[in-house]
Amino acid sequence: MKKLSFTILTLLFAFNGMGQNTGQTATQETQKSSDTKLLVSGFGFAGYSKMDKENSNFGPTGFNPIFLWKKSDKLFFESELMIEITDGTTKFDLEYATLHYKLCKYLEIGAGKFLSPFGIFNERIHPSWINKFTDPPLGFNHDIGTMVGPMAEIGVEFRGGGQLGKSKINYVAYISNGPNLVTDPSNTMMTGMLMFENINDNNDNKAIGGRIGFLPLSNSSVEIGVSGQVAKVGDKGNVLYQNIGAQMYALDLSYCHKLNFIKSNLDVKAQYNMMNVDKAESYPVMSGMDTTWDNKSQSYYIQLGLRPAFVNNNFFKNLELAFRYSSMTLPEKAMWGGDFKQSTVGLNYWLSWHSVLKLDYQMNTQKGADNRNGIQIQWGLGF
Amino acid sequence: MKKIKTLIILLFVLGSVIFGCATPKLIADKSGAQLWGENCQRCHNVPSPTTFGKENWEVVGTHMKIRANLTETEKDKVVEFLQSSN
Numbered sequence: 023m024k025k026l027s028f029t030i031l032t033l034l035f036a037f038n039g040m041g042q043n044t045g046q047t048a049t050q051e052t053q054k055s056s057d058t059k060l061l062v063s064g065f066g067f068a069g070y071s072k073m074d075k076e077n078s079n080f081g082p083t084g085f086n087p088i089f090l091w092k093k094s095d096k097l098f099f100e101s102e103l104m105i106e107i108t109d110g111t112t113k114f115d116l117e118y119a120t121l122h123y124k125l126c127k128y129l130e131i132g133a134g135k136f137l138s139p140f141g142i143f144n145e146r147i148h149p150s151w152i153n154k155f156t157d158p159p160l161g162f163n164h165d166i167g168t169m170v171g172p173m174a175e176i177g178v179e180f181r182g183g184g185q186l187g188k189s190k191i192n193y194v195a196y197i198s199n200g201p202n203l204v205t206d207p208s209n210t211m212m213t214g215m216l217m218f219e220n221i222n223d224n225n226d227n228k229a230i231g232g233r234i235g236f237l238p239l240s241n242s243s244v245e246i247g248v249s250g251q252v253a254k255v256g257d258k259g260n261v262l263y264q265n266i267g268a269q270m271y272a273l274d275l276s277y278c279h280k281l282n283f284i285k286s287n288l289d290v291k292a293q294y295n296m297m298n299v300d301k302a303e304s305y306p307v308m309s310g311m312d313t314t315w316d317n318k319s320q321s322y323y324i325q326l327g328l329r330p331a332f333v334n335n336n337f338f339k340n341l342e343l344a345f346r347y348s349s350m351t352l353p354e355k356a357m358w359g360g361d362f363k364q365s366t367v368g369l370n371y372w373l374s375w376h377s378v379l380k381l382d383y384q385m386n387t388q389k390g391a392d393n394r395n396g397i398q399i400q401w402g403l404g405f
Numbered sequence: 024m025k026k027i028k029t030l031i032i033l034l035f036v037l038g039s040v041i042f043g044c045a046t047p048k049l050i051a052d053k054s055g056a057q058l059w060g061e062n063c064q065r066c067h068n069v070p071s072p073t074t075f076g077k078e079n080w081e082v083v084g085t086h087m088k089i090r091a092n093l094t095e096t097e098k099d100k101v102v103e104f105l106q107s108s109n
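Chains A and B, in that order, are what the protein sequence lines are.
Counting from 23, one number per residue, gives the positions in the first sequence under this note's numbering.
Counting from 24, one number per residue, gives the positions in the second sequence under this note's numbering.
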């Protein structure tokens with residue numbers, strides 16, 4: 023532990039030195055405005071859906087205020103609340119609450135609850151006025167049992183970015199409570215599932231994770247990212263599960279390009295998540311079920327948006343066509359397992375740069391179940 | 024514990040490499056307006072400079088630096104441009 027502390031301190035001093043050598047001297051820092059600045063931002067949304075063989079329904083609807091507090095040039099606090107009415111209930115959650123301190127121009131430390139830097143959807147695209155569709159892709163939402171990869175962490179993160187010649191690189195590394203594995207005999211429906219809201223850590227082991235993003239082109243139009251997280255997920259003291267670990271990886275891609283020949287902007291996003299939980303000798307399950315299985319899950323999506331933003335017609339320049347394909351595969355032998363596919367075609371109308379009306383037609387297929395198709399409408403507003 | 028050390032060393036190496044690289048003139052000469060256009064649209068529509076007041080752009084810029092992992096130079100230039108155009 024002492025060696026680790028020494029390593030961290032050495033690193034922090036080294037980074038601080040770098041920042042000062044580049045001209046950001048302490049004096050210059052203090053000469054900038056140091057007045058406290060508070061801003062309430064956020065987003066809201068309201069929706070309607072009509073899926074085959076189901077009642078039409080207004081909802082989900084939600085309000086996500088974001089509180090941004092800049093105490094000084096080095097100290098910053100950000101927090102997002104989630105208040106959402108969906109599936110007949112009102113959900114209230116603290117999405118993130120993170121205190122950031124700038125160590126130097128290349129590195130800052132954050133502590134508290136923060137969005138998992140696991141791919142880009144979670145950190146950057148989830149707000150309703152940014153997401154081009156009425157819902158998240160398969161495997162990327164908050165619903166228990168359908169999350170492939172972490173959404174938020176409670177812990178400490180280090181992040182930063184810089185030029186690498188004409189290219190750019192950004193990086194995040196963190197240590198957090200990590201997920202916990204459901205092995206409770208009274209909850210056999212969820213046995214083998216990872217729960218990511220691990221507020222009170224179930225063991226002494228901490229999850230280690232991070233992401234590296236690389237932007238090879240000088241205009242920042244392409245970003246490729248690699249993320250990972252490793253952790254022990256079993257309950258401490260439970261000899262059957264305490265050594266079970268989980269490994270998660272993600273690949274992401276972002277590409278934005280102006281297509282001059284059709285006076286449009288093309289926006290491509292994609293992400294692949296993979297999650298592996300070490301095989302347990304035996305899970306507590308309902309009678310007649312397999313007692314163990316390969317506990318591997320994966321999900322991915324690719325989406326395209328095409329907006330003729332440069333045509334000379336005020337109506338058409340605010341329209342956007344969007345298409346998304348997503349897939350989620352959960353362990354077949356688990357009670358919560360399954361194979362899901364989803365295709366969504368969307369037509370969006372931008373009322374302003376931060377307000378959008380979305381009309382989606384969505385086709386869902388699940389192995390061994392009826393297809394579920396229908397329309398979803400949403401009004402998303404950022405503020 | 025080995026994993027933590029590896030992460031820390033990796034961060035240090037990354038930081039050293041970045042710090043050691045000279046920024047090409049093409050990049051160093053980019054204006055705040057150009058960076059505003061290039062970086063905002065990676066995730067969302069480009070906001071108008073009049074959306075927020077001068078003080079608030081500083082707060083929003085810091086928030087965006089974290090969300091999108093902008094470099095410090097990019098954030099400073101974009102915020103300066105948005106404040107000057109306000």
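Glycine is no exception: its CB is placed at the ideal position from the N, C-alpha and C atoms.
> Does the beta carbon of Lys127 of chain A come closer than 7 angstroms to any beta carbon on chain B?
Replying inline: yes
>> Please identify, using Cβ separations under 8 angstroms, the residues of the stretch 370-391 of chain A that lie next to chain B, in order along the chain.
In response: Trp372, Trp375, His376
> Who are the Cβ neighbours of Phe80 of chain A in its own chain at under 8 angstroms, not counting the five residues just before and after it?
Replying inline: Ala68, Gly69, Tyr70
>> Please list, in chain order, the chain A residues whose beta carbon lies closer than 7 angstroms to that of Val101 of chain B.
In response: Residues of chain A passing the Cβ test: none, with the nearest at roughly 12 angstroms.
> Mind checking Phe114 of chain A: buried by the 16 CB within 10 Å criterion, or exposed?
Replying inline: exposed
> Would DSSP call His164 of chain A helix, strand or coil?
Replying inline: coil
> Taking Cβ-Cβ distances shorter than 9 angstroms, what residues in chain B pair up with Leu61 of chain A?
Replying inline: Phe75, Glu78, Asn79, Val82, Val83, His86
>> Pop quiz: Ala229 of chain A and Gln251 of chain A are said to be a contact at Cβ under 8 angstroms. What is the actual Cβ separation, rounded to whole angstroms?
In response: 6 angstroms
>> Assuming Val62 of chain A is part of the beta strand (DSSP E), what are its boundary residues?
In response: 59-73
> Whose Cβ in chain A lies nearer than 8 angstroms to the Cβ of Val69 of chain B?
Replying inline: Trp375
> What are the boundary residues of the beta strand (DSSP E) that includes Thr83 of chain A?
Replying inline: 83-92
>> In whole angstroms, give me the CA-to-CA distance for Glu78 of chain B and Ser189 of chain A.
In response: 31 angstroms
>> Counting only C-beta atoms, is Gln106 of chain B closer than 7 angstroms to chain A at any point?
In response: no
> At a Cβ threshold of 7 angstroms, is Gly183 of chain A touching chain B?
Replying inline: yes
> What residues in the stretch 242-265 of chain A have a beta carbon less than 8 angstroms from any beta carbon of chain B?
Replying inline: Ser242, Ser243, Glu245, Val252
> Between the C-alpha atoms of Ser240 of chain A and Ile50 of chain B, what's the straight-line distance to the nearest angstrom?
Replying inline: 7 angstroms
>> Could you check whether the stretch 128-147 of chain A touches the stretch 268-280 of chain A, counting it as contact only if at least three pairs of C-beta atoms, one from each stretch, sit closer than 8 angstroms?
In response: yes
> DSSP state of Trp59 of chain B, grouped into three classes?
Replying inline: helix
>> Please confirm whether Leu90 of chain A has its beta-carbon closer than 7 angstroms to some beta-carbon of chain B.
In response: yes
>> What would DSSP say about Thr210 of chain A, mapped onto helix, strand or coil?
In response: helix
>> I need the straight-line Cα distance from Gln364 of chain A to Phe162 of chain A, nearest angstrom please.
In response: 13 angstroms
> At which residue ranges does the stretch 254-313 of chain A contain complete beta strand (DSSP E) runs of 3 or more residues, listed in the order of the chain?
Replying inline: 267-281, 286-299
> Where do the ends of the alpha helix (DSSP H) carrying Gly84 of chain B lie?
Replying inline: 77-91
> Can you tell me whether DSSP reads Ser138 of chain A as helix, strand or coil?
Replying inline: coil
> Apart from the five residues just before and just after Phe405 of chain A, which ones in its own chain have a Cβ nearer than 8 angstroms to its Cβ?
Replying inline: Ser63, Gly64, Phe65, Gly66, His376
> Which value, in whole angstroms, describes the spacing of the CA atoms of Val299 of chain A and Val248 of chain A?
Replying inline: 19 angstroms
> For Pro47 of chain B and chain A, any beta-carbon pair shorter than 7 angstroms?
Replying inline: yes
> How would you write the range of the beta strand (DSSP E) that Thr366 of chain A sits in, first residue to last?
Replying inline: 360-374
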